[in-house]
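Asker:
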Amino acid sequence: MRVAVIGTGYVGLVVGACLAETGNDVTCADVDAGKIASLRENRIPIYEPGLEDLVERNQTQRRLFFTTDVAAAISGAEVIFIAVGTPPDEDGSADLRHVLTVAEAIGKNLTKEAVIVTKSTVPVGTATRVREVVARSALHPFHMCSNPEFLKEGAAVDDFMKPDRVVLGAESDHARSVMAELYAPFVRTGKPIIFMDIASAEMTKYAANAMLATRISFMNEIAALCERVGADVDLVRKGIGSDNRIGPSFLFPGPGYGGSCFPKDVKALVRTARDFGVSLSVLDAVEDANERQKRRLFEKLAAAFDGSLKGKHIAVWGLAFKPNTDDMREAPSLSLIEALLGAGATVAAHDPVAMHEGKRRLGDVIRYASSNYDALEGADALVIVTDWNEYRHPDFGRIKSALRRPVVIDGRNLYSSERMRALGFIYASIGRALVADTVRA
Ligand SMILES: NC(=O)c1ccc[n+]([C@@H]2O[C@H](COP(=O)([O-])OP(=O)(O)OC[C@H]3O[C@@H](n4cnc5c(N)ncnc54)[C@H](O)[C@@H]3O)[C@@H](O)[C@H]2O)c1
């Protein structure tokens, strides 16, 4: 099938490469000329396991093409994915400028009947707006489809290749049958394609992310209570996660959720609810709890230094908002570093893959360490923000001798509180029993 993917970010690139891998003829278009130039040379602008091989193989076999010419990508395509960004507008709603710009280009450049798919996360009603914009200039019939994406950064290729389910909101039999054919290779194990109307598909994506964000904020609040009452949130997590009705995923407390999706999608859903006069007070609380949580690591660290971090030098392990990605959008590391610098501390940071992104975002206000141990040199304390595998079993002796004071604030509960205490660390984590951690905030 001839496919165009407009927008070649995390989502567009994965969608394009995976659809090419199953034999389609895919052209990915983006307005970012630098990005397209690197992709043409098989240089992937993001860190995503497995993606580079996929892009290289499919470009070599001439099934995958990259261009800055959006019109050329659209012309001749039977399926056109819109995968551009939908950042939050000032009022929290999703900014649809890029989506509607692409819709206009699609209308002007359709050369045959096509299915137009909104892959970007867009509020209910967007497909209708896209349809109106396309219809203003389209000379060929077209069919709207909403196909929200559920991939996780860090496991994006796997998630797209083996989805739990594919959600398809379609308005015609033609759209349903074209999309079912396109996705057939990915659901051979019997995972469902769930067909629905377009509004429900658009809503499904927001509801899914809002539910996941809710679980995280819920557990972060339970963790805060565990600290006060002398319970251990890791045990509570296992205790509730083994209940089939609850399940074990997304119950890990931490430094607050971040990334390119949860914060903006929760905001956009709250905004939609407000526009329709519906109360989503649960999500207001989810956001509030997350904002508070993003300060927890700083507060715990400050408590270990009698409330003042002025002149202290702090090692930070982990910049990416989660492991296996270099994405730092809304990362908890950014809130922590901002608070540390604001309090008069200095920072040395390490991340296995997000150092270049850290430099791009933060410039030279912090030091970028060549290894996680290098970050400890001359540091008064260590804060762990991202649960990268390589931080799970460090050389504790080396950490202790490098730090000026053996203070470790563990935002991901990677280590045993008892062991850290036995090793002589001043240690704090998230939501573990009062008796175990040695620092309170
Ligand atoms: N990142 C994720 O994990 C994820 C997961 C599911 C859904 N989504 C949703 O998918 C959408 C894209 O997210 P992303 O993370 O890939 O964004 P991104 O910012 O990484 O990429 C968006 C790309 O679109 C390009 N673009 C913008 N305007 C354009 C135009 N007019 N023509 C062509 N290209 C244009 C940008 O240059 C950029 O490369 C968003 O709506 C997001 O919410 C993201």
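Heads up: the sequence shown runs through residues 5 to 445, numbered per the working numbering. We put the beta carbon where it would ideally sit given N, CA and C, even for glycine. These numbers were taken from a predicted model, which means no experiment stands behind them.
1) According to DSSP, is Pro92 helix, strand or coil?
2) Alpha carbon to alpha carbon, how far is Ala432 from Ile413?
3) Tell me the DSSP secondary structure of His397 in three-state form.
4) So, at 6 Å on beta carbons, what are the nonlocal neighbours of Val30 in its own chain, with the 5 sequence-adjacent residues on each side left out?
5) Using a Cβ-based criterion (distance less than 8 Å to any ligand heavy atom), does Ile197 qualify as near ligand 1?
6) Have a look at Pro257 and Glu334 and give me their C-alpha separation to the nearest angstrom.
7) Return yes when the Cβ of Lys209 is within less than 9 Å of the Cβ of Val170, no when it is not.
8) Of the residues Phe190, Ile40, Asn151, which one's Cα is nearest the Cα of Ala174?
9) What beta strand (DSSP E) runs, 3 residues minimum, are completely inside the segment 19–103?
10) State yes or no: is the C-beta of Ser264 within less than 9 Å of the C-beta of Arg219?
11) Helix or strand or just coil, what does DSSP make of Ala349?
12) What I want to know is whether the C-beta of Glu157 ends up closer than 8 Å to one or more non-hydrogen atoms of ligand 1.
13) Starting from Gly173, follow its DSSP beta bridges and name the residues at the other end.
14) Less than 9 Å between the C-beta atoms of Gly158 and Lys116, yes or no?
15) Of the choices His317, Met215, Val389, whose alpha-carbon is the least far from that of Met332?
16) Straight-line CA distance for Ile86 to His102?
17) In this structure, how does DSSP classify Leu287 when only helix, strand and coil are distinguished?
18) Work out the CA separation of Ala217 and Asp279 for me, nearest whole Å.
19) Measuring only the C-alpha atoms, how far is Gly382 from Arg409?
20) Within 10 angstroms of the Cβ of Met215, are there 16 or more other Cβ atoms? Answer buried if so, exposed if not.
21) In angstroms, rounded to a whole number, what distance separates the CA positions of Val290 and Asn248?
22) Just mark Pro127 as buried or exposed, buried being the case when its beta carbon has 16 or more other beta carbons within 10 Å.
23) Work out the CA separation of Leu418 and Asp391 for me, nearest whole Å.
24) Going straight from the alpha carbon of Ser312 to that of Ile341, what length do you get?
25) Taking only the alpha-carbon atoms, compute the straight-line gap between Leu438 and Ala235 and give it to the nearest angstrom.
26) What residue from Leu55, Leu301, Gly251, Met207 has the CA that sits closest to Asp163's CA?
27) Please find out if some non-hydrogen atom of ligand 1 comes closer than 8 Å to the beta-carbon of His397.
28) Should Tyr14 be counted as a contact of ligand 1 given a C-beta to heavy atom distance under 8 Å?
29) Compute the Euclidean distance between the alpha carbons of Arg275 and Phe429, then round it to the nearest angstrom.
30) Excluding the five sequence neighbours on either side, which residues of its own chain have a C-beta within less than 6 Å of the C-beta of Thr72, listed in chain order?
31) Name the DSSP beta bridge partners of Asp414, please?
32) Run through the DSSP bridge pairs and tell me what Val121 is partnered with.
33) Is the separation between the beta-carbon of Leu255 and that of Ile244 shorter than 9 Å?
34) Using only alpha-carbon positions, find the residue among Lys314, Arg241, Asn213 that is nearest to Ile226.
Answerer: Concretely, from the data shown:
1) Looking at Pro92 - three-state DSSP - the assignment turns out to be strand.
2) For the pair Ala432 and Ile413, the Cα-to-Cα distance works out to about 5 Å.
3) The answer is coil: DSSP assigns His397 none of H, G, I, E or B.
4) Val7, Gly20, Leu23, Ala24, Leu68, listed in sequence order.
5) In this structure, the C-beta of Ile197 stays at least 8 Å away from each heavy atom of ligand 1.
6) Pairing Pro257 with Glu334, the inter-Cα distance amounts to about 17 Å.
7) Cβ atoms of Val170 and Lys209: not closer than 9 Å.
8) Scanning Phe190, Ile40, Asn151 for the CA closest to the CA of Ala174 turns up Asn151.
9) Complete beta strand (DSSP E) runs here, min 3: 29–33, 68–71, 83–86.
10) 9 Å or more divides the Cβ of Ser264 from the Cβ of Arg219.
11) Looking at Ala349 - three-state DSSP - the assignment turns out to be coil, as it is neither helix nor strand.
12) Glu157: yes, Cβ under 8 Å from ligand 1.
13) Beta-bridge pairing links Gly173 to Ser150, Met200.
14) Against a cut-off of 9 Å, the Cβ pair of Lys116 and Gly158 comes out as no contact.
15) For the set His317, Met215, Val389, the Cα lying nearest the Cα of Met332 is the one of Val389.
16) When only Cα atoms are considered, Ile86 and His102 end up about 9 Å apart.
17) Reduced to three states, the DSSP call for Leu287 is helix.
18) In a straight line, the C-alpha of Asp279 is about 21 Å away from that of Ala217.
19) CA-to-CA, the gap between Gly382 and Arg409 works out to about 10 Å.
20) So Met215 counts as exposed.
21) Roughly 23 Å between the two C-alpha positions.
22) By the C-beta density criterion, Pro127 is buried, having at least 16 other C-beta atoms within 10 angstroms.
23) Asp391 and Leu418: Cα-Cα distance of roughly 7 Å.
24) About 15 Å.
25) With a pLDDT of 49 at Leu438, under the threshold of 50, the predicted position of this residue should be treated as unreliable, though the coordinate-derived value follows. Cα-Cα distance, rounded: 7 Å.
26) When only C-alpha atoms are compared, the closest one is Leu55.
27) Every heavy atom of ligand 1 is 8 Å or more from the Cβ of His397, so no.
28) Checking the Cβ of Tyr14 against ligand 1 gives yes.
29) So the alpha carbons of these two residues sit roughly 45 Å apart.
30) A distance below 6 Å between beta-carbons, with the five flanking residues on each side excluded, links Thr72 to the following residues of its chain, in chain order: Ala37, Ile40.
31) DSSP lists Ile388 as the bridge partner or partners of Asp414.
32) For Val121, which the question treats as bridged, DSSP gives the partners Phe85, Cys149.
33) Yes, these two residues count as a Cβ contact at 9 Å.
34) Nearest option by C-alpha distance: Arg241.
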